[in-house]
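Residue numbers (this note's numbering): 1 to 142.
Note that the Cβ used here is the ideal one computed from N, Cα and C, for glycine as well.
Since this is a predicted model, take the numbers as computed values, not measurements.
Everything on this sheet refers to the single structure shown next.
Right under this line is the structure:
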């Protein structure tokens, strides 16, 4: 459980850093439009901080019934998805703020990475709900 709380705290720091980066980078560049940088903060907060805190609360009450293999599979897949997710948001946001023209191929490649990150995130969230379901099912049986 301590690992989950520490992970949540790391995502809190990333959430705060991304929020400051968004504010300062757009201000420095005189940008006032919408950008992908604007949603990084909330994505880190919800998909990082809250997901791991919720899981920690469930594990706290049912740690003896936790399937460590399932938790580990979720944990690492979620991190991989978050890394890919945040890199694509950051890249897309910087491109938008700096008004950089991308070739059709590079734009499609970036969109493809974003799509893969969403697929991985979806799978990790299915694993997450599977863990929660297993923990609550086991508690109802006892």
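Taking DSSP as the reference, what is the three-state secondary structure of residue i?
i, result
"residue 35", "coil"
"residue 47", "helix"
"residue 18", "helix"
"residue 1", "coil"
"residue 28", "helix"
"residue 101", "coil"
Distance, Cα to Cα, residue i vs residue j?
i, j, result
"residue 12", "residue 40", "12 Å"
"residue 44", "residue 1", "20 Å"
"residue 65", "residue 17", "36 Å"
"residue 23", "residue 10", "20 Å"
"residue 77", "residue 30", "37 Å"
"residue 42", "residue 124", "18 Å"
"residue 3", "residue 103", "42 Å"
"residue 105", "residue 88", "15 Å"
"residue 144", "residue 74", "Not covered by the structure: residue 144. The range shown for the chain is 1 to 142."
"residue 6", "residue 80", "17 Å"
"residue 117", "residue 57", "26 Å"
"residue 94", "residue 121", "22 Å"
"residue 62", "residue 113", "36 Å"
"residue 53", "residue 96", "33 Å"
At what residues does the alpha helix (DSSP H) containing residue i begin and finish?
i, result
"residue 82", "68 to 98"
Quick one: is residue i buried, meaning 16 or more other Cβ sit within 10 Å of its Cβ, or exposed?
i, result
"residue 59", "buried"
"residue 131", "buried"
"residue 35", "buried"
"residue 51", "buried"
"residue 32", "exposed"
"residue 98", "exposed"
"residue 101", "exposed"
"residue 20", "exposed"
"residue 15", "buried"
"residue 115", "exposed"
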